[in-house]
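Asks: Each residue of the sequence shown is one higher than the last, beginning at 15 in my numbering.
Every residue gets a Cβ at the ideal spot worked out from N, C-alpha and C, and that includes glycine.
Pasting a structure here, questions to come.
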Amino acid sequence: MAAIALYKSVFAQFAFCLLTLAYIFRTIFQRIENTVHSLQVLERNATTNSLVPFSQDFRVHGFDIYWDNLDPTELTFMFVNHQRKGSAISIFKHRVGAGFIEHVKTVKSPLLFSPNDVVATSRSTFYATNDLRHKSGILRKIETLLGMPWGHIVYYGPEGIVSKARSGIAYPNGIARSPGGGLIYVAASSEPSVYAFKPTYDGALQLAGKTTFRSFVPDNISVDAATGELLVSGFLNTLEMFRYNREVLFGTDARPASAIRRLIPSADARRRFAEESILIHSGDLLPSTTIAVVQRRNNVRRMVLGSVMADHIAICEYQQ
Ligand SMILES: *[C@@H]1O[C@H](CO)[C@@H](O)[C@H](O)[C@H]1NC(C)=O
């Protein structure tokens, strides 16, 4: 009931999310250029120096794309790569217009035991979230259900060393950075909150701010580069979300309600966010929405919703 009332009021205030399009994933990725689905994944053969198909496992999870003003046509792709022999972060480079990404290196470390998402801070450095301490089994389930603060964030620095940048976080999930790179944002699903951290000289993350939610479990974060605002997508009913994830391959009637919150960084030193709910849906629009991203092109502003568990995306009009 409360959810329905909230739904109505939010909808009345921000009656802008018209579901304009929903595509089947495969179709869209086959048609749109410059997604990784249409890019060949290659590596350079050390002896012949020619490009050949990437020979390692490539089983991806969260990823990030980095570029800077030095050469904006060279993009760096970083993927959480759950290789069978252990999880890693795989780094590739891509020249805008080329039909492939070329492997640069794959970073492995005992500290990367359960990576979920990665954010690049340069062409070769990154932060990644490790959501849980246990890789599998009953302990992993218990850890999730009890919301133990056992997750941590790792830093891969310019010397090529992986270190713990921050520990004691309950299920660190999505990670993103502010437009200037001065802050790193992390969604901690089991707290449930969003952190703002300031990177220090050695890569450690210093607390700069934190917003804790009520009845909202944040999953992933995107940053609107034009405004610096955060879009946080999350769940309103985690049990229904777990049921959906369990059953979705076999057909399910679970409808995990989701919401998008907008966090507006403030100029003051305490770095409190102003927070507003910009979308609530019952789970029919895009079950288990895990990401919302603002797309700006000329005068068109849209919000693209995605989910790790769904076979389609949703595109909404976005007002601000
Ligand atoms: C989280 O969102 C970012 C966009 O801000 C995306 O690049 C990344 O792949 C997402 N992570 C997961 C695990 O879906």
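#1: Beta strand (DSSP E) containing T225: first to last residue?
#2: Do Y199 and A210 have their C-beta atoms within less than 8 angstroms of each other?
#3: Suppose you measure from the CA of A324 to the CA of A271; what does that come to, to the nearest Å?
#4: Could you check whether S296 and R276 sit closer than 8 angstroms to each other, using their CB atoms as the reference points?
#5: Can a CB atom of chain D be found closer than 8 angstroms to the CB of S181?
#6: Under three-state DSSP, which class holds K149?
#7: Can the beta-carbon of G188 be found closer than 8 angstroms to that of F287?
#8: For ligand 3, any of its heavy atoms closer than 7 angstroms to the Cβ of H148?
#9: Please classify R191 as buried or exposed, where buried requires at least 16 neighbouring CB atoms within 10 angstroms.
#10: Nearest CA to the CA of E57: which residue from H117, T135, R315, A179?
#11: Pairing CB atoms from the segment 249-266 with CB atoms from the segment 309-318, are three or more of them under 8 angstroms?
#12: With DSSP as the reference, label I335 as helix, strand or coil.
#13: Compute the minimum distance between the beta carbon of S236 and the heavy atoms of ligand 1, and state whether it is under 7 angstroms.
#14: When you compare the CB positions of R109 and D71, do they come within less than 8 angstroms of one another, or not?
#15: Run the proximity test for H75: is its beta-carbon closer than 7 angstroms to any non-hydrogen atom belonging to ligand 1?
#16: Measuring alpha carbon to alpha carbon, tell me which residue in G171, A202, I167 is nearest A179.
#17: Ignoring anything shorter than 4 residues or poking outside the segment 37-117, list the alpha helix (DSSP H) runs there in chain order.
#18: Please state whether DSSP places L35 in a helix, a strand or coil.
#19: Report the partner residues of T143 according to the DSSP bridge assignment.
#20: If you draw a straight line from the C-alpha of E254 to the C-alpha of R154, how long is it?
#21: Do S203 and V231 have their C-beta atoms within less than 8 angstroms of each other?
#22: Considering just the uninterrupted stretch of the beta strand (DSSP E) at L244, what are its terminal residues?
#23: Cβ of D131 within 7 angstroms of any heavy atom in ligand 1?
#24: What did DSSP end up calling N187 once you bin it into helix, strand or coil?
#25: Inspect the CB distances between the segment 59-67 and the segment 76-92 and report whether three or more fall short of 8 angstroms.
#26: Within the continuous alpha helix (DSSP H) that includes F256, where are the two ends?
#27: Looking only at DSSP bridge pairs, what is Y209 linked to?
#28: Indicate, with yes or no, if ligand 1 has a heavy atom lying under 7 angstroms from the CB of V307.
#29: What is the DSSP secondary structure of F287, reduced to helix, strand or coil?
#30: Under 7 angstroms from any heavy atom of ligand 1, does the C-beta of D298 make it?
#31: Please list the terminal residues of the continuous beta strand (DSSP E) segment that includes R310.
#32: My assumption, with CB atoms under 8 angstroms, is that S302 sits in contact with F249. Please give the rounded CB distance.
#33: Figure out for me which residue from V55, S104, D78 has the closest Cα to the Cα of F114.
#34: How far does the beta strand (DSSP E) with P279 in it extend, from its first residue to its last?
Replies: On the basis of the supplied data:
#1: The residue given as residue 225 occupies position 211 in the sequence shown. Taken as a continuous stretch (DSSP letters only), the beta strand (DSSP E) holding T225 covers 219-226.
#2: Position 185 of the sequence shown holds residue 199. Position 196 of the sequence shown holds residue 210. Going by C-beta atoms, Y199 is nearer than 8 angstroms to A210.
#3: Looking up residue 324 in the sequence shown gives position 310. Looking up residue 271 in the sequence shown gives position 257. Each residue's Cα considered, the two are about 13 angstroms apart.
#4: Taking the first residue of the sequence shown as 1, we reach residue 276 at position 262. Taking the first residue of the sequence shown as 1, we reach residue 296 at position 282. Contact flag unset, no.
#5: Here chain D cannot be found, since the structure has a single protein chain.
#6: By one-based count along the sequence shown, residue 149 stands at place 135. DSSP places K149 in coil when its eight states are reduced to three.
#7: As a working mapping, residue 188 is identified with position 174 in the sequence shown. As a working mapping, residue 287 is identified with position 273 in the sequence shown. Going by C-beta atoms, G188 is not nearer than 8 angstroms to F287.
#8: Ligand 3 is not part of this structure, which contains only ligand 1.
#9: Residue 191 sits at position 177 when you count from the first residue of the sequence shown. It counts as buried.
#10: Within the sequence shown, the letter at position 43 stands for residue 57. Closest option to E57, Cα to Cα, is H117.
#11: no
#12: Since the displayed the chain opens at 15 and closes at 334, residue 335 lies outside it and no answer follows.
#13: The residue labelled residue 236 in the question sits at position 222 within the sequence shown. Under cutoff, so the answer is yes.
#14: Against the sequence shown, residue 109 aligns to sequence position 95. Against the sequence shown, residue 71 aligns to sequence position 57. For R109 and D71, no; Cβs fall outside 8 angstroms.
#15: In the sequence shown, residue 75 corresponds to position 61, counting from 1. Indeed, a heavy atom of ligand 1 lies less than 7 angstroms from the Cβ.
#16: Here the question's residue 179 lines up with position 165 in the sequence shown. Here the closest residue by C-alpha is I167.
#17: 39-45
#18: On the sequence shown, position 21 is the one that residue 35 refers to. Annotation note: pLDDT 32 at L35 (below 50); position unreliable, coordinate value reported separately. L35 falls in the strand class under three-state DSSP.
#19: In the sequence shown, counting from the first residue as 1, residue 143 sits at position 129. Beta-bridge pairing links T143 to D131, I167.
#20: As a position in the sequence shown, residue 254 is number 240, starting the count at 1. As a position in the sequence shown, residue 154 is number 140, starting the count at 1. Near 19 angstroms, if we compare the C-alpha coordinates of R154 and E254.
#21: Counting from 1 along the sequence shown, the entry for residue 203 is found at position 189. Counting from 1 along the sequence shown, the entry for residue 231 is found at position 217. Yes, Cβ-Cβ distance for S203 and V231 is below 8 angstroms.
#22: Residue mapping note: residue 244 aligns to position 230 of the sequence shown, counting from 1. Start and end: 244-249.
#23: Taking the first residue of the sequence shown as position 1, residue 131 is located at position 117. Yes, the beta carbon of D131 sits closer than 7 angstroms to at least one heavy atom of ligand 1.
#24: Position 173 of the sequence shown, counting from 1, holds the residue named residue 187. Strand, per DSSP.
#25: no
#26: Residue mapping note: residue 256 aligns to position 242 of the sequence shown, counting from 1. Run containing F256: 252-261, per the alpha helix (DSSP H) assignment.
#27: To locate residue 209, count along the sequence shown from 1; it is residue 195. Looking at the DSSP assignment, Y209 forms a beta bridge with V200, K224.
#28: As a first step, residue 307 must be located in the sequence shown, where it is residue number 293. Checking every heavy atom of ligand 1 against the Cβ of V307, one is found closer than 7 angstroms.
#29: In the sequence shown, counting from the first residue as 1, residue 287 sits at position 273. F287 falls in the strand class under three-state DSSP.
#30: By 1-based counting over the sequence shown, the position of residue 298 is 284. Incorrect: D298 has no Cβ contact closer than 7 angstroms to ligand 1.
#31: For the purposes of this step, residue 310 is taken as residue 296 along the sequence shown, with counting starting at 1. Run containing R310: 305-311, per the beta strand (DSSP E) assignment.
#32: On the sequence shown, residue 302 is found 288 positions in, with the first residue counted as 1. On the sequence shown, residue 249 is found 235 positions in, with the first residue counted as 1. Right, the Cβ-Cβ distance comes to about 7 angstroms (below 8 angstroms), so this counts as a contact.
#33: By one-based count along the sequence shown, residue 114 stands at place 100. Cα-wise, what sits closest to F114 is V55.
#34: Walking along the sequence shown from the start, residue 279 turns up at place 265. Unbroken beta strand (DSSP E) run through P279: 272-279.
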